[in-house]
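> Dropping the structure in here first, questions after.
Protein chains: 4
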Amino acid sequence: MPLSPHHLPIDPHLLNAEESLFRFSAVRILTEKLVKPLSAEDMVVQSMEEASPTKWHLAHTTWFHETFILKVFDPDYKIFDPDYHFLFNSYYEAEGPRHPRPHRGLLSRPPLSEIMAYRGHVTAAVQELVGKVAGGKHWRTIAGLIELGCHHEEQHQELLLTDIKHVLSCNPLKPAYKSPYPKEVRKAPDMEWVAFAEGLYEIGHAGDGFAFDCEGPRHKTYLNAFSLASRPVTNGDYLAFMVDGGYKNPALWLSDAWAQIQAEERHAPLYWREKDGGWQVFTLFGEQPVNFDEPASHLSYYEADAFATWAGARLPREAELELALAAAGTTGAVNDLGNGRYHPAVAGKATAGNRLQQLFGDVWEWTATAFAPYPRFKPAPGAIGEYNGKFMCNQFVLRGGSCVTPAGHVRPTYRNFFFPHSQWQFTGIRLAKDL
Amino acid sequence: MPLSPHHLPIDPHLLNAEESLFRFSAVRILTEKLVKPLSAEDMVVQSMEEASPTKWHLAHTTWFHETFILKVFDPDYKIFDPDYHFLFNSYYEAEGPRHPRPHRGLLSRPPLSEIMAYRGHVTAAVQELVGKVAGGKHWRTIAGLIELGCHHEEQHQELLLTDIKHVLSCNPLKPAYKSPYPKEVRKAPDMEWVAFAEGLYEIGHAGDGFAFDCEGPRHKTYLNAFSLASRPVTNGDYLAFMVDGGYKNPALWLSDAWAQIQAEERHAPLYWREKDGGWQVFTLFGEQPVNFDEPASHLSYYEADAFATWAGARLPREAELELALAAAGTTGAVNDLGNGRYHPAVAGKATAGNRLQQLFGDVWEWTATAFAPYPRFKPAPGAIGEYNGKFMCNQFVLRGGSCVTPAGHVRPTYRNFFFPHSQWQFTGIRLAKDL
Amino acid sequence: MPLSPHHLPIDPHLLNAEESLFRFSAVRILTEKLVKPLSAEDMVVQSMEEASPTKWHLAHTTWFHETFILKVFDPDYKIFDPDYHFLFNSYYEAEGPRHPRPHRGLLSRPPLSEIMAYRGHVTAAVQELVGKVAGGKHWRTIAGLIELGCHHEEQHQELLLTDIKHVLSCNPLKPAYKSPYPKEVRKAPDMEWVAFAEGLYEIGHAGDGFAFDCEGPRHKTYLNAFSLASRPVTNGDYLAFMVDGGYKNPALWLSDAWAQIQAEERHAPLYWREKDGGWQVFTLFGEQPVNFDEPASHLSYYEADAFATWAGARLPREAELELALAAAGTTGAVNDLGNGRYHPAVAGKATAGNRLQQLFGDVWEWTATAFAPYPRFKPAPGAIGEYNGKFMCNQFVLRGGSCVTPAGHVRPTYRNFFFPHSQWQFTGIRLAKDL
Amino acid sequence: MPLSPHHLPIDPHLLNAEESLFRFSAVRILTEKLVKPLSAEDMVVQSMEEASPTKWHLAHTTWFHETFILKVFDPDYKIFDPDYHFLFNSYYEAEGPRHPRPHRGLLSRPPLSEIMAYRGHVTAAVQELVGKVAGGKHWRTIAGLIELGCHHEEQHQELLLTDIKHVLSCNPLKPAYKSPYPKEVRKAPDMEWVAFAEGLYEIGHAGDGFAFDCEGPRHKTYLNAFSLASRPVTNGDYLAFMVDGGYKNPALWLSDAWAQIQAEERHAPLYWREKDGGWQVFTLFGEQPVNFDEPASHLSYYEADAFATWAGARLPREAELELALAAAGTTGAVNDLGNGRYHPAVAGKATAGNRLQQLFGDVWEWTATAFAPYPRFKPAPGAIGEYNGKFMCNQFVLRGGSCVTPAGHVRPTYRNFFFPHSQWQFTGIRLAKDL
């Protein structure tokens, strides 16, 4: 077992076995709550290679705990089904071959009932293990792995919702995951600009508390003076770009972006559909009229960058957004997964104490920064080291969390990353400017 | 309604309303019986573009009765769900746009329960309609359409089984549709040759009784003297071809065939897998050791043609096989869907009265004849005319039915057709020779 | 050398060495004359996988003589360059691996000058060989191979022109291969119908004279009464189909055809381009206004079939056209390669003695018959046997030759074949009807 | 004309008309010298979408001068051929539609002779224009555009050589662009490490002299202490990685990298071929035995990154390499295009005054930095602004120039960029380490 304790950051209170158990159990329960509105049939479907069936998420998160905790630290653990190691590994090369990602939607078996039994088996086994090993020689490592497994499962909670949203959107019946739709009548406030001074800053995770390996090491970075928009770009802002011929003007687009929107004949965000002269959008509540006061969402990096160019602004750099996030802190109500809204909300008015609305939650904000290792970053050896490091190429960082991001991930140093063409996450735009 | 009575051939006894009702109900019940071993989850999956989800088969066969009978002839018919017209049309351009074929596997909704309710609704409506219209002005046409709808549904019964076999085969768990496996210990008899004389023959459907439009008109065709093998090629025969380097010798293959097996790195029939030095084959009973005495199955036209070349023989022409089928008649036990075996059986010994074993049932036999219209063939106008005519290009005719072909389709004039690369049907080889 | 004399049909007068030499030399010279209007640069380009660069045609035809005659029968033959065996084999698996077809356009080397030297080397060597072996033990076989090589080279003369037409058509400059354009003012005569009686006929090559293996054996075939149109379909006829929405009506198209024209957004024949409200067509004389009285050309089988359906007619069967071709004979002026026009001409009026205009030359006529072996057909063993037999799948027969077909190939039994989507040959339509 | 003078950086001495003319003429002549070893046939071929035919490079560089200088500033300029604007635009959307990039290899016309006449026409016109406008109102802008056009043409000189290398490599004859091969017997020195101190540095172009827009603005960046390898990785070093199973160990590769090498079955650098138990490599001098003391070349970013991981090091950041390049300066002999070697050389021994060998020339060095705009970067409006800005996504920066980079581009601030899978440039590896 190559993981040494210092590779596994952890909130100190989670070294308390009861707290650890409570946290673990709550995460497991929440995942199962999220699938309640779905039928077994819904959970089989894979609508594109990037998205996985719900049933697969249920099993893979369980596989993670089984593989990295139970199989390593519990000599009494009885493997639920030896085939699952092959079926439910996602991308860990160190764990051997696995069922090909594009074929996850072919797995009608094991049936949902067995997957739920698998979940119960592993949940109970971890809970028992904690009872046996808490405070013992490996406890620090095990507690760290439990916490890592919880964060891993939380990431899949978010994907589970964005993936099923995509599945349902492909259905001409446009079925809802949930109802009723949280309709809003508030108007979006005007966009204002908030300035930040030039200087040598530090970013990245340090100190106590959990963070993924890629969030550190904390390090210095120099930033010129800049300003950030007081709120994300709204659907109304984005419509103005569309009406102004945004999708037809190559001067606004990166070369790869223009090639993609030409090839796919894109002329609106994912999930938008023109109908009877107006715009509808597919949501987790079925198809609804577009609310032009809400933050624009499901935009690719390409769209975000083209919009920023059109607006005479730019996308923020990763460090700029972290600076703002760190300054804001996460106090106050955030529209994240815990909120249960599952849809972006209209921004409130900026206040003296809170000049940057919706930094946390609502929509992930694309940064202009390619996902890359921080100075002195070293991935852990073995499978756990594959978690983030091997994706540090061709993807862009997003910050701040969305309306379906678990609360624990809505932290200033959290680095989300997706390919620049990806649209199926709740991804939006906060503009930045040089000063 | 452009269909005139003479376009709809029908067995005279089915003009009797009770017989028609009995036939219709039996077909509907059999379809539902076939899905009994499957879970709702199994029925969602589409494993390749050519194959459809079980649930789609259940719905599309129902759509056929609804669209061509109820909507046309029953002014009181209450449409079950207006969205279904779009969702469950297969390829009838005259019936308007439809859900794209490759996306049938994305439809977790409507759920199975609603599809079964749809089936019940339409079954009952047809049954009621018969009560109202039997013997009336349109009865001849309606009875013909009911019979056409039954034959259509029977075709989908066969596809339902071959499609779910493909779905299950893609699952690393290799689940069985059914059990136990019908193991056999009989040995295959030697292959003998049965001669047919040169002459001007007639083939094609004529007279009373149902047939698809493409089975006629009956017409003259001239055949040279030829002989047919007394039984289909067995797995053992086919293994000899493989062992002799059949898949590595381009001289045996058509040009398009060689390109395909090179590109897909084929070296064995679909569903065969080498394991521990022997061959396993995926069946509707899960993975089993290959029985070398059974008829070889799941072979493409390309494989069938290469095998025949290797064997110093050729594939029969369509007319040659029809001649043999017509001479044999369908008396005697046939291993077709009604038999419930769902797997090819070992051939019996040829007898004086039955020199050609397994002409009917077990495996479809590829002919060397491209599917084309018979002389003076004219498709019906409108959607019904799309049934066969528009596929008369790039496909080859198969004859004689398989172990999952409904009994009613195991008739001498029945023309099945598939693309030469297709492998997922129960398709095999009967050799022919010039005399 | 597995070829026995009877595999190599030959005109008796070509057993005379002088006649053989004259024939061989004339073919070699004509090929070289055809490339005169082209630059070395033109001859390098490959515009699609199906079409080959001019330089490759020059070399491959030479390779054929070298491989099948010189290397086998001339122990003194000095190989021009050992690399050429790999570079210039087309598809003869029996001759070993070869340069991949889609990469023929990457071969800037060997330069044209060396290819011409290769041609000279092989031409001279064959001429010398004839001097040495005429009348000897192998002469019958060698003379047969020379004649086969001549026919092979003639086929490539036609391809050379259709391939360079495609290359030049891809160039926005629309350069001409030749000039001036042979403009015509004649009007096309009305289409009339010529009847043929039902009966048992014989078709296929027999007796003396050269024919490819697939043209035989001569055999009986039964035909119902039918009639053929007196002339091919003109551009004007085809425009009427277009104007009537032909490309937008799925009821007219085969299923595979409809898929193709949808995917490629086809709405006119290959080489047609709308310009300033009229239609231009790319010809070997550059882009010209469409002449609506000329036979329509560069149509796929799919287009030909859809047109025939729209016209309430059908495409002729192969045997029907051979019957007509055989009855007509090839006497009289034919617009073939020898004519030097390189473009279809307007049909003349039907006369009592010649009721079917343009059966030979002008445009190949698609038949409704898939290319398949005639009864008792057996390909020769070895590479020569790959000539036609391995293509007997997925292609359709065309009859009668075109305006770029060498005169020797314009014979009643000649079976040309192409895939149903192919458009780059001079392929047109003669309608047929049942009587 | 939106370009204002300050957008066009220029070496002050090039404001002297004679110097400008001399520079311009020298660049034009060098391009034409580079194609001397090639035939017109060689210059037609396009071997992959990313690479262009030689003839296209000759024409496009000329189009650049014509479009951005002559058409704008010379009212008397007579356009050589109006079709060329469409044919030879590369990617400038602002200049309208253009011939599709993947079809450049279809242009046998215009012939080479006309392209050379086009070159002469434009060269003379620019020379005349200088005579007319030197010192005038627009001279500053025109001189800047001439210099930009020279740099543009120099970039295409490098591409011309790497593209023709790829074309020739695809030919089974493995022809040489040049001979004789510059064989070397020197041994590569051992790899040593050179340390750089932590600090706040400035990078980017500033002050006088030409630079592309993306090289500025000069700005501050903070670097941790690091060290660089004293020489690039050699073929011998790289072979050790291969022998150690480098291509088979997923733990060494980025996720996208592993997917690519699996899909393409990569197991060696581009141009390497195993033969008779040893390794051959295709060079501009034909196929040669690999010299294991030379810098490894034609490696993708993916390969470079995997090698660095295997070696326990990392790739340098862009700023780290610029720091080293700026410290080294370009004094001393550099193996660049001017050197005429056209192949990497074996590194010399590090000396006290020159501890980092081959920073300039030989092979481009991949950095770990995605190509992105420097702080406050703004592209110029209009077509010139498309030069670099629109490519700032999905590509990685390379530094230092190669053995075919024109001398003028071998400067510390020069930012080359390619996609991480690209291999056809002379791209290699210099290792870095954290301190």
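In order, the protein sequences belong to chains A, B, C and D.
The first sequence runs contiguously to residue 682 in our numbering.
The second sequence runs contiguously to residue 682 in our numbering.
The third sequence runs contiguously to residue 682 in our numbering.
The fourth sequence runs contiguously to residue 682 in our numbering.
Even for Gly, the Cβ is constructed at its ideal location relative to N, Cα and C.
Quantities reported herein were computed from a predicted structural model and do not represent experimental measurements.
Going by DSSP, which residues form a beta bridge with Lys467/B?
Taking the first residue of the second sequence as 1, we reach residue 467/B at position 220. DSSP lists Glu449/B as partners of Lys467/B.
> Got a sec: which bits of the region 496-518 of chain C sit with their beta carbon under 8 Å from any beta carbon on chain B, in order along the chain?
Pro497, Ala498, Trp500, Leu501, Ser502, Asp503, Ala504, Trp505
> When you compare the CB of Met248/A with every CB in chain B, is at least one pair closer than 8 Å?
Working through the first sequence from its first residue, we reach residue 248/A at position 1. Residue placement at Met248/A is flagged as unreliable, the pLDDT there being 32, under the threshold of 50; the coordinate-derived value follows with that caveat. With 8 Å as the cut-off, Met248/A does not count as an interface residue toward chain B.
> What are the uninterrupted segments assigned as beta strand (DSSP E) that are 3 or more residues long and contained completely in the region 322-348 of chain B, given in chain order?
As far as the region 322-348 of chain B is concerned, it has no whole beta strand (DSSP E) run of at least 3 residues.
> Report the CB separation of Pro479/B from Gln293/B in whole angstroms; it is logged as a contact under 8 Å.
In the second sequence, residue 479/B corresponds to position 232, counting from 1. In the second sequence, residue 293/B corresponds to position 46, counting from 1. Not really, about 30 Å apart at Cβ, beyond 8 Å.
> Quick check on the DSSP output: what are the complete beta strand (DSSP E) runs of length 3 or more inside the region 421-450 of chain C, in order along the chain?
440-443, 446-450
> Which of the residues in the region 409-438 of chain D, read from start to end, lie with their CB under 9 Å from any CB of chain C?
Val414, Leu415, Cys417, Asn418, Pro419, Leu420, Pro422
> Would you say Pro252/A reaches chain B, if we count a Cβ-Cβ gap shorter than 8 Å as a contact?
Working through the first sequence from its first residue, we reach residue 252/A at position 5. Confidence at Pro252/A is low in this model, with a pLDDT of 46, below 50, so its placement is unreliable and no value can be given for it.
> Quick check: the Cα distance between Glu550/B and Met489/B, rounded to an integer number of angstroms?
Along the second sequence, one-based indexing puts residue 550/B at 303. Along the second sequence, one-based indexing puts residue 489/B at 242. Distance between the alpha carbons of Glu550/B and Met489/B: 11 Å.
> Could you compute how far the alpha carbon of Tyr548/B sits from the alpha carbon of Glu511/B?
Here residue 548/B refers to the residue found at position 301 when the second sequence is read from its first residue. Here residue 511/B refers to the residue found at position 264 when the second sequence is read from its first residue. Distance between the alpha carbons of Tyr548/B and Glu511/B: 15 Å.
> Could you tell me the distance, in whole angstroms, from the CA atom of Ala630/B to the CA atom of Ala498/C?
If you number the second sequence from 1, residue 630/B lands on position 383. If you number the third sequence from 1, residue 498/C lands on position 251. Near 9 Å, if we compare the C-alpha coordinates of Ala498/C and Ala630/B.
> Using the rule of at least 16 other Cβ atoms within 10 Å of the residue's Cβ for burial, across every protein chain shown, is Gly382/A buried or exposed?
By one-based count along the first sequence, residue 382/A stands at place 135. Burial call: exposed.
> Looking only at C-alpha atoms, which of Val414/D, Lys379/D, Ala372/D, Lys467/D sits nearest to Ala288/D?
Within the fourth sequence, numbered from 1, the residue matching residue 288/D stands at position 41. Note that residue 288/D is Glu in the sequence shown here, rather than Ala. For Glu288/D, the nearest C-alpha among the options comes from Val414/D.
> Anyone know if the C-beta pair for Thr674/D and Ser544/D falls short of 8 Å?
As a first step, residue 674/D must be located in the fourth sequence, where it is residue number 427. As a first step, residue 544/D must be located in the fourth sequence, where it is residue number 297. In contact: Thr674/D and Ser544/D (Cβ atoms closer than 8 Å).
> With three or more C-beta pairs closer than 8 Å as the rule, is the region 528-538 of chain A touching the region 427-435 of chain A?
yes
> Let me check understanding here. Comparing Cα to Cα, which of Leu682/B, Lys522/B, Asn418/B lies closest to His350/A?
The sequence position of residue 350/A within the first sequence is 103, counting from 1. Minimum Cα distance to His350/A is reached at Asn418/B.
> At 8 Å on the CB atoms, spell out the chain B contacts of Pro667/C, in chain order.
Taking the first residue of the third sequence as 1, we reach residue 667/C at position 420. Simply Cys640, Asn641.
> For Leu285/D, which of Phe643/C, Arg356/C, Gly632/C has the nearest alpha-carbon?
Position 38 of the fourth sequence holds residue 285/D. Among Phe643/C, Arg356/C, Gly632/C, the Cα nearest to that of Leu285/D belongs to Arg356/C.
> Would Pro622/C pass as an interface residue toward chain B - the criterion being a Cβ-Cβ separation below 8 Å?
The residue given as residue 622/C occupies position 375 in the third sequence. Yes, contact with chain B.
> Taking three-plus beta-carbon pairs below 8 Å as touching, is the region 335-345 of chain A in contact with the region 269-286 of chain A?
no
> In whole angstroms, what is the alpha-carbon distance linking Leu682/B and Trp519/C?
In the second sequence, residue 682/B corresponds to position 435, counting from 1. In the third sequence, residue 519/C corresponds to position 272, counting from 1. Taking the straight line joining both Cα atoms gives about 51 Å.
> Could you tell me the alpha carbon to alpha carbon distance between Pro422/A and Tyr365/A, rounded to whole angstroms?
Sequence index remark: in the first sequence, residue 422/A carries index 175 (1-based). Sequence index remark: in the first sequence, residue 365/A carries index 118 (1-based). Answer to the nearest angstrom: the Cα atoms are 29 Å apart.
> Beta strand (DSSP E) containing Asp681/D: first to last residue?
Taking the fourth sequence and counting its residues from 1, the one referred to as residue 681/D is at position 434. Per DSSP, Asp681/D belongs to the beta strand (DSSP E) from 679-681.
> Interface residues of chain D around Tyr491/A at Cβ under 7 Å?
Here residue 491/A refers to the residue found at position 244 of the first sequence. Going by the sequence as given, residue 491/A is Asp instead of Tyr. By Cβ distance, chain D contributes nothing, its closest Cβ being about 17 Å from Asp491/A, past 7 Å.
> Going residue by residue through the region 605-658 of chain A, where are the continuous beta strand (DSSP E) segments of at least 3 residues, counting only ones entirely within it?
611-617, 643-646
> Consider the Cβ of Arg646/B: report whether some Cβ of chain A lies at a distance smaller than 8 Å.
In the second sequence, residue 646/B corresponds to position 399, counting from 1. It does not; no Cβ of chain A falls within 8 Å.
> Given that a residue counts as buried once 16 or more other Cβ atoms are within 10 Å of its Cβ, and exposed if not, what is Glu400/D?
What you label residue 400/D is simply residue 153 of the fourth sequence in a count that begins at 1. By the neighbour-count rule (16 or more Cβ atoms within 10 Å), Glu400/D is buried.
> Considering just the uninterrupted stretch of the alpha helix (DSSP H) at Val274/C, what are its terminal residues?
Start at 1 with the first residue of the third sequence, and residue 274/C comes out as number 27. Unbroken alpha helix (DSSP H) run through Val274/C: 264-281.
> Please go through the same chain and pick out, in chain order, the residues whose beta-carbon is closer than 8 Å to the beta-carbon of Glu296/D, but skip the five residues on each side of it.
Indexing the fourth sequence from 1 puts residue 296/D at position 49. Hits under 8 Å: Arg348, Pro349.
> DSSP three-state label for Trp526/D, please.
The sequence position of residue 526/D within the fourth sequence is 279, counting from 1. Secondary structure of Trp526/D (DSSP, three-state): strand.
> Using a beta-carbon distance below 8 Å, is Glu687/D in contact with chain C?
Since the first residue shown for chain D is 248 and the last is 682, residue 687/D is missing from the structure and cannot be characterised.
> Beta-carbon of Leu447/C versus every beta-carbon of chain B: anything under 8 Å?
Position 200 of the third sequence, counted from the start, is the residue given in the question as residue 447/C. It does: the Cβ of Leu447/C has a partner Cβ on chain B nearer than 8 Å.
> Beta carbons nearer than 8 Å to chain A: which residues of the region 337-367 of chain B have them?
His346, His350, Gly352, Leu353, Leu354, Ser355, Arg356, Pro357, Pro358, Leu359
> Is the Cβ of Thr314/C closer than 8 Å to any Cβ of chain B?
Sequence index remark: in the third sequence, residue 314/C carries index 67 (1-based). Thr314/C does not count as touching chain B.
> Can you pull out the residues from the region 323-336 of chain A whose beta carbon lies closer than 7 Å to at least one beta carbon of chain B?
Of all residues in the region 323-336 of chain A, Asp330, Phe333, Leu334 have a Cβ within less than 7 Å of some Cβ in chain B.
> Since I believe Asp540/C is in contact with Ala442/C (beta carbons under 8 Å), could you give me their beta-carbon distance rounded to a whole number of angstroms?
Within the third sequence, the letter at position 195 stands for residue 442/C. Within the third sequence, the letter at position 293 stands for residue 540/C. Not confirmed; about 26 Å, so no contact.
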